[in-house]
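Input: a single structure, listed below in structure tokens.
Residue numbers (this note's numbering), protein chains in the order written: chain A, 1 to 112; chain B, 1001 to 1113.
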């Protein structure tokens, strides 16, 4: 069955460092991969989208890579800040565009 | 932009009852998806509507049904509620075209007792 795996353990890093989060998937051929941020009690907020034929995408302090051979995406936050503390969700959209599935998310804590 | 609005924000129902959750999608967004999120888990895809037609469905039983209206607002209906249906229900919308991420509402917290 289709499966998305994200680091189940929380990631703790020091302010100013780069946070790297991993998303692995199996039994799926996504056309698009998306990353979202979710704060407690709130809905997810869209951050970045990358297509299957793109290797890397950047937006301000955020960088996403997408390796369809490894079936893996890496999400980087450079110069991390305490305000970046949240749960980060990886989402895959199928080729038809009618189904987007989410991973369980990785909790990030950035300490000042 | 008004964003995605969901109502009610919280709801308590008894097992066996029926519930209707409502979603007002962001202006210009014609695609709406519904998700169920249990505590500590990622959102689970229930179904998606595009131009008033269901065009995608996750692994949820038929007692989960929905509607999308001409103004692209949407409803999620759940019949014969079970205790395991207790969760945060999220509505998400996006404009036509797949280069866009989804805009989520803040959700409806449903508790079944």
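In this text, a Cβ means the ideal position worked out from N, Cα and C, and glycines have one as well.
- Proximity of residue 1090/B to chain A, defined by a Cβ-Cβ separation below 8 Å, is satisfied.
- Apart from sequence neighbours up to five positions away, the residues of its chain that approach residue 1096/B with a beta-carbon distance below 6 Å are 1030, ordered along the chain.
- At a cut-off of 8 Å between beta-carbon atoms, residue 68/A makes no contact with chain B.
- Around the CB of residue 1047/B, 16 or more other CB atoms lie within 10 Å, so the residue is classed as buried.
- For residue 1112/B, the enclosing beta strand (DSSP E) has its first and last residue at 1108-1112.
- Residues of the segment 28-49 of chain A with a Cβ closer than 9 Å to any Cβ of chain B, in chain order: 31, 32, 34, 35, 36, 38, 41, 42, 43, 44, 45, 46, 47, 48 and 49.
- Rounded to whole angstroms, the separation of the alpha carbons of residue 1039/B and residue 1025/B is 24 Å.
- The beta carbon of residue 97/A sits closer than 6 Å to no other beta carbon from its chain once the five residues preceding and following it are set aside.
- For residue 89/A, the nearest beta carbon of chain B is closer than 8 Å to its own beta carbon.
- Chain B has no Cβ within less than 8 Å of the Cβ of residue 57/A.
- In the three-state DSSP reduction, residue 91/A falls in the strand class (E or B).
- When beta bridges are read from the DSSP output, residue 1032/B appears opposite 1049/B and 1093/B.
- For the segment 1035-1053 of chain B, the beta-carbon criterion of a distance under 8 Å to any beta-carbon of chain A is satisfied by 1035, 1040, 1041, 1042, 1043, 1044, 1045, 1048 and 1050.
- Shown here, residue 70/A sits in coil according to DSSP, grouped into three states, outside any helix or strand.
- For the pair residue 6/A and residue 1070/B, the Cα-to-Cα distance works out to about 37 Å.
- For residue 55/A, there is no enclosing beta strand (DSSP E), since its DSSP letter is neither H nor E.
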